[in-house]
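Participant:
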Amino acid sequence: MSALQTILLPWLLAWTLLAFALMGIDKALARAGRRRVPEKTLFLSAIAGGSAGALLGMFLFRHKTLHRSFCLGMPAILLAQLLLAGGLYLWRLFA
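Position 1 of the sequence shown, counted from 1, bears residue number 265 in my numbering, the numbering being contiguous throughout.
See below:
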């Protein structure tokens, strides 16, 4: 395992779990009528590497699924991250 993988895999796992948890926490806060997690924080956690967790949280908790920005934005972030990973893999493979 390369040094990059040693750093990247725990990073992605941590952000995925955090983004998932933030979706659940925000849903619980919404139901309780309390102050919410800012949408900017939810998006930044996805951009930082937690897009899969954010998407899973959206659908598991049925949270933000009626918001166009989330229904389009979260899958777009995940797709961009997958394309970036695939591009880096191919670049490394053929470089």
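Just so it is clear, CB atoms sit at the ideal spot from N, CA and C, and this is done for glycine as well.
Measure the alpha-carbon distance for cysteine 335 versus lysine 328 and round it to whole angstroms.
Facilitator: Whole-angstrom Cα-Cα distance: 8 angstroms.
Participant: Suppose contacts are defined by Cβ-Cβ distances below 8 angstroms. Is serine 309 in contact with tryptophan 279 by that definition?
Facilitator: Result yes, Cβ atoms of serine 309 and tryptophan 279 sit closer than 8 angstroms.
Participant: How big is the Cα-Cα spacing for alanine 294 and glycine 350?
Facilitator: One C-alpha to the other measures close to 37 angstroms.
Participant: What's the call for alanine 296, buried or exposed, on a 16-neighbour Cβ count within 10 Å?
Facilitator: With fewer than 16 Cβ atoms within 10 Å of its Cβ, alanine 296 is classed as exposed.
Participant: In chain order, what residues of the same chain have a beta carbon less than 8 angstroms from the beta carbon of threonine 305, not counting five sequence neighbours either side?
Facilitator: Same-chain partners within the cutoff: Leu286.
Participant: When we look at the beta-carbon of serine 315 and count the other beta-carbons within 10 Å, is it buried (16 or more) or exposed?
Facilitator: Answer is buried; the Cβ neighbour count reaches 16.
Participant: Give the range of the alpha helix (DSSP H) segment to which isoleucine 341 is assigned.
Facilitator: Note, isoleucine 341: alpha helix (DSSP H), 332-358.
Participant: In three-state terms, what does DSSP make of serine 315?
Facilitator: Helix, per DSSP.
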